[in-house]
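>
Next comes the structure, spelled out in structure tokens:
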């Protein structure tokens, strides 16, 4: 390196360390994630060859990869955790950094942090940094529930730049309601799409998976930190056995990421100036020659589920920045949580899956281990060591996060290189410009299978299909109906991709079967009708009026999914029955009309779903051409207020209180409140109510036009009955026609245009018996006898 001129701010990776613990026959006490990270960090500091105390005291920035137990809002820490993970590790190595970072979730985060910190050093914002991550998942599992389990709780003071979970775009309610919540199930969809694109049989594709991963097992077998250091043959990896059980078609247990590990890894990166000042030998310096970060579209929007073009783009960009091609690489480590994560990169880059250089330096996530989000920190550590062992070589680290969603790539070498400042914004703009597939949340009709998987769980097999509707090519997700053996057999034995199927939407998600006839047999469409009894509601029929009482007074008449289903069923019957002309909805007791969503039920992690007609069977219902009156007695909070807003008329007693209180519990008024309230009351008031949860009493609601009438406390139902009787005095045909025309013209802003808009409802009215009866009764000076036809 004599004569090489480098900017003193050039970042160099100067120390790496790894740690691991196997609980079996271990003489040491169980280590926490902090313990593992501290051990790895001490190793990285020692690896610099400089005085450890001097290096530790020079660290001005620490950056921690987010542990799995703090990666999602509902994650738990059975043995406790640090309140400030990065500073806990800093304390453990004797560092007092001015800046502490906790990165977002995702396997891309180690390489993303490496690039970000290197960029900060090159900009003069940082001198010496420690980046690390660790997981103690094996210990958590082994000790959970043990009265003698260690307590890993730590309370550490100090500033923390907590970047949050970073889960936006990675999950949706639609995927979750169809069981697409586990990584093996999600990735299996990509895998089967690729198999179909290549035209391979199941056996041929399984053989390819085995051939891909068998060399990985050999690397893992030689790695002292590997969680599964056993070399296996290609056949052994993909042959189902009791130990190698099927997980999700086409995966067996041996070929999916192994997350039950105790592992940690850390790297020290600093400026050239700091390295010289601290006495780090130049033989230790490794440079980041190229780098790139790209985020893919949401899964449901991607044009091709068999590939990962954004990930390929990131690697190509990193190679371009380094000024090299694939053939120039000495080592390669491609993130390998599942085979498709490697296959997709090989496909897009033109890289042979049996490349003699190998595709992993650790052994890969199924065999070395998948320590949460931190796997690629181990890949960086191994790559740095290999670059030092082969000076001038070039090593690629490809780090994947989410569902082939986020990709970070880095090119490492001991060859001196000036820092290459890049802007990935144009790459991201290219990805964002790619066409997005239209999505059908509720899918009905004939369709073609695009990809699929069968999830093998303790409760049996769950078939999951992603398809395209024949009518408009929208993509949907659906489950196989319980007991539909013919559809399961098609997924298991035939070639289902491209085959024709029939899909139907239900309250609990879309369901798919082989034919329309099979669907009707397995999932018959019920005729709307009223039952004699209900569990969560009471129904009373009085002539042409249907009274419905939400009967959950113990929960302030809040609604959970089964109660919503009952209300949908009741309102379906009401709107289809020609002899029912008006409906009244109220709540049991004198405390509440409806207090919204049952948060106690939701917090118990019970199954959640929503009727297609919305909260209370009303808020998303179309074609409400018969009047529904809300008789509000007490609280109409959150979803209860949204139900009242969805009703045509509201009668409130003096005890009534109206509010959209969702923001106070971390939710939003997503059942129509955000749309209806600003149309019902002045916009400023609506905004205040939505953003603060401001309450209106009955008289205030009347003054603002939110309710029609206010009656004495306890008289809401009586007041609603009186209003219903006034409606019954009018022609039900005219009432229905009026509501239909009001709905048809609601979106037309020009009054004259709206008034002149042709309506089939008018044509029907002109030929109705009620119109003739109304005029005849007027002429004869008698009360009309309405026919509702």
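Numbering (full-length UniProt numbering), first residue to last: 1 to 789. The beta carbon of each residue, even a glycine, is placed where N, CA and C say it ideally should be.
#1: Report the CB separation of residue 247 from residue 339 in whole angstroms; it is logged as a contact under 8 Å.
#2: List the DSSP bridge partners of residue 262.
#3: Counting only the same chain and skipping the five closest in sequence on each side, list residues whose C-beta sits under 8 Å from that of residue 496.
#4: Is the beta carbon of residue 587 closer than 9 Å to that of residue 672?
#5: Going by DSSP in three states, residue 534 sits in which element: helix, strand or coil?
#6: Three-state secondary structure (DSSP) at residue 32?
#7: Should residue 366 and residue 263 be called a contact, given that it needs their Cβ atoms to be closer than 9 Å?
#8: Ordered along the chain, which non-local residues of its own chain (more than five positions away) have a Cβ less than 7 Å from that of residue 89?
#9: Just how far apart, CA to CA, sit residue 138 and residue 19?
#10: Applying the 10 Å Cβ sphere with the 16-neighbour rule, what's the burial state of residue 186?
#11: Suppose the cutoff is 8 Å on Cβ atoms and the five residues either side in sequence are ignored; what does the same chain contact list for residue 599 look like?
#12: Indicate the three-state DSSP secondary structure (helix, strand or coil) for residue 217 in the structure shown.
#13: Among 727, 532, 788, 698, whose alpha-carbon lies nearest the alpha-carbon of residue 656?
#14: Report the rounded CA-to-CA distance for residue 53 versus residue 96, giving the unit in angstroms.
#15: Mind checking which residues open and close the beta strand (DSSP E) that includes residue 408?
#16: Quick one: measure Cβ to Cβ for residue 127 and residue 58, integer angstroms, because I've assumed they're closer than 8 Å.
#17: Ends of the alpha helix (DSSP H) at residue 277?
#18: Can you list, in chain order, the residues of its chain with a C-beta nearer than 6 Å to that of residue 486? Leave out the 5 residues immediately preceding and following it.
#19: My output table needs one value for residue 641: the three-state DSSP class, helix, strand or coil.
#20: Is residue 552 buried or exposed, if buried means 16 or more other CB atoms sit within 10 Å of its CB?
#21: Taking only the alpha-carbon atoms, compute the straight-line gap between residue 434 and residue 427 and give it to the nearest angstrom.
#22: I want to know whether the stretch 327–338 touches the stretch 395–404 - three or more CB-CB distances under 8 Å.
#23: Between residue 180 and residue 554, what straight-line distance do the alpha-carbon atoms span, to the nearest angstrom?
#24: Just confirm the distance between the C-beta atoms of residue 748 and residue 739, as a whole number of angstroms; I'd bet it's less than 8 Å.
#25: Does the Cβ-Cβ distance between residue 802 and residue 279 come in under 9 Å?
#26: Thinking just about the alpha-carbon of each residue, which of 628, 634, 660 is nearest to the one in residue 646?
#27: What's the gap between the Cα of residue 310 and the Cα of residue 478?
#28: For residue 769, I'd like the list of residues in its chain whose CB is within less than 6 Å of its CB, leaving aside the five on either flank, ordered along the chain.
#29: Between the Cα of residue 682 and those of 703, 668, 663, spot the shortest distance and give me the residue it belongs to.
#30: Using three-state DSSP, classify residue 15 as helix, strand or coil.
#31: Would you mind reading off the limits of the beta strand (DSSP E) that contains residue 506?
#32: If you count every other CB in all the chains shown that lies within 10 Å of the CB of residue 21, and 16 or more means buried, which is it?
#33: Tell me which residues share the same chain as residue 3 and place their Cβ nearer than 8 Å to its Cβ, disregarding the 5 neighbours each side in the sequence.
#34: Which parts of the stretch 40–126 are runs of the alpha helix (DSSP H), unbroken and 4 residues or longer, counting only runs that do not cross its ends?
#35: Determine the DSSP secondary structure at residue 332, reduced to helix, strand or coil.
#36: DSSP state of residue 24, grouped into three classes?
Quick look at the numbers:
#1: Within the chain shown, the letter at position 247 stands for residue 247. Within the chain shown, the letter at position 339 stands for residue 339. Not a contact, Cβ separation roughly 12 Å.
#2: Counting from one through the chain shown, the residue named residue 262 turns up at place 262. As DSSP reads the structure, residue 262 sits in a beta bridge with 136.
#3: Your numbering for residue 496 matches position 496 in the chain shown. The answer, listed in chain order, is 449, 452, 465, 490.
#4: Counted from its first residue, the chain shown places residue 672 at position 672. Counted from its first residue, the chain shown places residue 587 at position 587. Taking 9 Å as the Cβ cut-off, residue 672 and residue 587 do not qualify as a contacting pair.
#5: Here residue 534 refers to the residue found at position 534 when the chain shown is read from its first residue. Residue 534 falls in the coil class under three-state DSSP.
#6: Here residue 32 corresponds to residue number 32 of the chain shown, with the count starting at 1. Collapsing the DSSP output to three states places residue 32 in coil.
#7: For the purposes of this step, residue 366 is identified with residue 366 of the chain shown, where counting begins at 1. For the purposes of this step, residue 263 is identified with residue 263 of the chain shown, where counting begins at 1. Cβ atoms of residue 366 and residue 263: not closer than 9 Å.
#8: Position 89 of the chain shown, counted from the start, is the residue given in the question as residue 89. These residues qualify, in order along the chain: 34, 37, 38, 41, 62, 64, 132.
#9: Here residue 138 refers to the residue found at position 138 of the chain shown. Here residue 19 refers to the residue found at position 19 of the chain shown. Spanning the two alpha carbons is a distance of roughly 14 Å.
#10: Working through the chain shown from its first residue, we reach residue 186 at position 186. Residue 186 is buried by the Cβ-count criterion.
#11: Within the chain shown, numbered from 1, the residue matching residue 599 stands at position 599. Answer for residue 599: 558, 665, listed in chain order.
#12: Along the chain shown, one-based indexing puts residue 217 at 217. Helix.
#13: Stepping through the chain shown from its first residue, residue 656 is reached at position 656. Per the Cα distances, 698.
#14: In the chain shown, residue 53 corresponds to position 53, counting from 1. In the chain shown, residue 96 corresponds to position 96, counting from 1. Rounded to whole angstroms, residue 53 to residue 96 spans 12 Å at the Cα level.
#15: To locate residue 408, count along the chain shown from 1; it is residue 408. Where residue 408 is concerned, the enclosing beta strand (DSSP E) stretches over 406–413.
#16: Walking along the chain shown from the start, residue 127 turns up at place 127. Walking along the chain shown from the start, residue 58 turns up at place 58. At roughly 7 Å, the Cβ-Cβ gap stays under 8 Å, so residue 127 and residue 58 are in contact.
#17: For the purposes of this step, residue 277 is taken as residue 277 along the chain shown, with counting starting at 1. That run of the alpha helix (DSSP H) goes 272–278.
#18: Looking up residue 486 in the chain shown gives position 486. Residues 514 of the same chain have their beta carbon placed closer than 6 Å to that of residue 486, with the five preceding and five following residues left out of the count.
#19: Along the chain shown, one-based indexing puts residue 641 at 641. Residue 641 falls in the helix class under three-state DSSP.
#20: Here residue 552 refers to the residue found at position 552 when the chain shown is read from its first residue. Residue environment: residue 552 is assigned as buried (16 or more neighbouring CB atoms within 10 Å of its CB, all protein chains considered).
#21: Your numbering for residue 434 matches position 434 in the chain shown. Your numbering for residue 427 matches position 427 in the chain shown. Near 11 Å, if we compare the C-alpha coordinates of residue 427 and residue 434.
#22: yes
#23: Taking the chain shown and counting its residues from 1, the one referred to as residue 180 is at position 180. Taking the chain shown and counting its residues from 1, the one referred to as residue 554 is at position 554. Between residue 180 and residue 554, the C-alpha separation is close to 34 Å.
#24: Residue numbering aside, residue 748 sits at position 748 when the chain shown is read from its first letter. Residue numbering aside, residue 739 sits at position 739 when the chain shown is read from its first letter. That pair is no contact at about 16 Å.
#25: Residue 802 is absent from the model: the chain starts at 1 and stops at 789.
#26: Taking the first residue of the chain shown as position 1, residue 646 is located at position 646. For residue 646, the nearest C-alpha among the options comes from 628.
#27: By 1-based counting over the chain shown, the position of residue 310 is 310. By 1-based counting over the chain shown, the position of residue 478 is 478. The alpha-carbon atoms of residue 310 and residue 478 are separated by roughly 26 Å.
#28: To locate residue 769, count along the chain shown from 1; it is residue 769. Only 787, 789 meet the Cβ criterion.
#29: Sequence index remark: in the chain shown, residue 682 carries index 682 (1-based). Nearest C-alpha to residue 682: 703.
#30: Locating residue 15 in the chain shown gives position 15, where the first residue counts as 1. Residue 15 carries a strand assignment under DSSP once its states are collapsed to helix, strand and coil.
#31: Counted from its first residue, the chain shown places residue 506 at position 506. First-last of the beta strand (DSSP E) with residue 506: 500–506.
#32: The sequence position of residue 21 within the chain shown is 21, counting from 1. Buried, by the Cβ-count rule.
#33: Taking the chain shown and counting its residues from 1, the one referred to as residue 3 is at position 3. Residue placement at residue 3 is flagged as unreliable, the pLDDT there being 46, under the threshold of 50; a coordinate-derived value is accordingly withheld.
#34: Whole alpha helix (DSSP H) segments, 4+ residues: 52–58, 85–93, 109–122.
#35: Start at 1 with the first residue of the chain shown, and residue 332 comes out as number 332. Residue state, collapsed to three classes: strand.
#36: Position 24 of the chain shown, counted from the first residue, corresponds to residue 24. Coil at residue 24, not helix or strand.
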